[in-house]
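Residue numbers (this note's numbering): -15 to 362.
C-beta: ideal position from N, C-alpha, C; glycine also.
The structure presented is a predicted model; accordingly, all values stated were derived computationally and were not measured.
Take a look at the structure set out below.
Below is the structure:
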């Protein structure tokens, strides 16, 4: 069902930049920028910590333990498991896998959601997508949608081996780009019994068409050609180029969407540089792999996830809200669309006064309430 009371007028906007522009992959010149040395990130003196921004929140009621687990391809994924301290381990419990925004790591948003849901009684796992954070994969920051989806299924494998987790009661939350990755996983993994997405980006459509379908086919082809030329350069020994992601500095020309991301990724509000990584390359995908998103269609066949329930959460001011709207329209029942009044895209990464954790708790309590939750038995 749609939360009609929270639904805003849904109108296109002409002042939003193309994702091709945000990722700066539309020209070879922009790709060269990825090769050039870059300035050190400027500290923001006015980071916005309103509405309870608490990316690094920790709870006295939850124990956290670093974990690793294997994918079907025998690669290693890094994560954290969050367990309520008062959990009765003599019985099986519902569990939730949480995926971080595209370009982020588990310490950005995913750990927060995992902690908050563990406070509500769920066993939770946050994960680093392959090629990011502590997970395996070279080159770092590579784009691999199929392997991202596999990481969610591998997390289900891990949870299902815990003697206090009910294998038939495992759900998942995907934040930003991970919303599209968890949908991709759930379409072919019915062990994921219920799915919630928050501030979802369809990373395929975002790269093919950009926001509000503002990227032309000619621009798309230019991005692909530029990536192919960079691939030749790297075959011949050039450094692996990264581009896009979040700006390292703010200028008078910085677009509001980039400012929104900068306030999270480039300030103490949410900035994380994984061990062994470069602060100048965080959030930035490799140029040659980012075109893999052009072949990524997570919403195709989304209706086949039914009768497992889905919930799509978005801020009513989010530049990304079109993707949650589209997914909701294409999905079959049972489904919910929740608009968070006054919230933008990045607001739902960490602003605990805006994030509808109570709605998420209710959704997963209902959808993971029994062994038959959300899935018809054969």
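For residue 62, which residues does DSSP report across the bridge?
52
Buried or exposed for residue 219, going by 16 or more other Cβ atoms inside 10 Å?
The residue is exposed, with fewer than 16 neighbouring Cβ atoms inside 10 Å.
Can we say the stretch 222 to 229 touches the stretch 181 to 197, given the rule of at least three CB pairs closer than 8 Å?
no
Using a Cβ distance threshold of 8 Å, determine whether the stretch 317 to 329 contacts the stretch 287 to 300, with at least three qualifying pairs required.
With a cut-off of 8 Å, the stretch 287 to 300 and the stretch 317 to 329 count as touching, because enough Cβ pairs lie within range.
Please state whether DSSP places residue 47 in a helix, a strand or coil.
strand
Measuring only the C-alpha atoms, how far is residue 40 from residue 92?
8 Å
In angstroms, rounded to a whole number, what distance separates the CA positions of residue 54 and residue 270?
24 Å
Distance check for residue 261 and residue 21, CA to CA, integer angstroms please.
Annotation note: pLDDT 27 at residue 21 (below 50); position unreliable, coordinate value reported separately. In a straight line, the C-alpha of residue 21 is about 15 Å away from that of residue 261.
Using CA atoms only, rank isn't needed, just tell me which of 266, 74, 251 is closest to residue 126.
266
Is the beta carbon of residue 63 sitting closer than 8 Å to the one on residue 139?
The answer is yes: Cβ separation under 8 Å.
Find out if the Cβ-Cβ distance for the pair residue 89, residue 68 is shorter than 8 Å.
Against a cut-off of 8 Å, the Cβ pair of residue 68 and residue 89 comes out as no contact.
Kindly give me the distance between the Cβ atoms of residue 169 and residue 137, rounded to whole angstroms, as I take these residues to be in contact under 8 Å.
5 Å
Should residue 358 be labelled buried (16 or more other beta-carbon atoms within 10 Å of its own) or exposed?
Note on residue 358: pLDDT 37, under 50, position unreliable in the model; the coordinate value appears next. The residue is buried, with at least 16 neighbouring Cβ atoms inside 10 Å.
Classify residue 70: buried if its beta carbon has 16 or more other beta carbons within 10 angstroms, exposed otherwise.
exposed
Would you identify the three-state DSSP class for residue 116, choosing helix, strand or coil?
Residue state for residue 116 is assigned as coil, using DSSP reduced to three classes.
Measuring straight from C-alpha to C-alpha, what distance separates residue 326 and residue 299?
7 Å
Residues in the same chain with beta-carbon distance under 6 Å from residue 275, minus the five sequence neighbours each way, listed in chain order, please.
208, 211
Which term fits residue 193, buried or exposed, when burial requires 16 or more other beta carbons within 10 angstroms of its beta carbon?
buried
Select from 337, 351, 346, 352 the residue whose C-alpha is nearest the C-alpha of residue 37.
337
Tell me which same chain residues have a C-beta within less than 7 Å of the C-beta of residue 366, skipping the five on either side of it?
The structure shown has nothing for residue 366, since the chain only spans -15 to 362.
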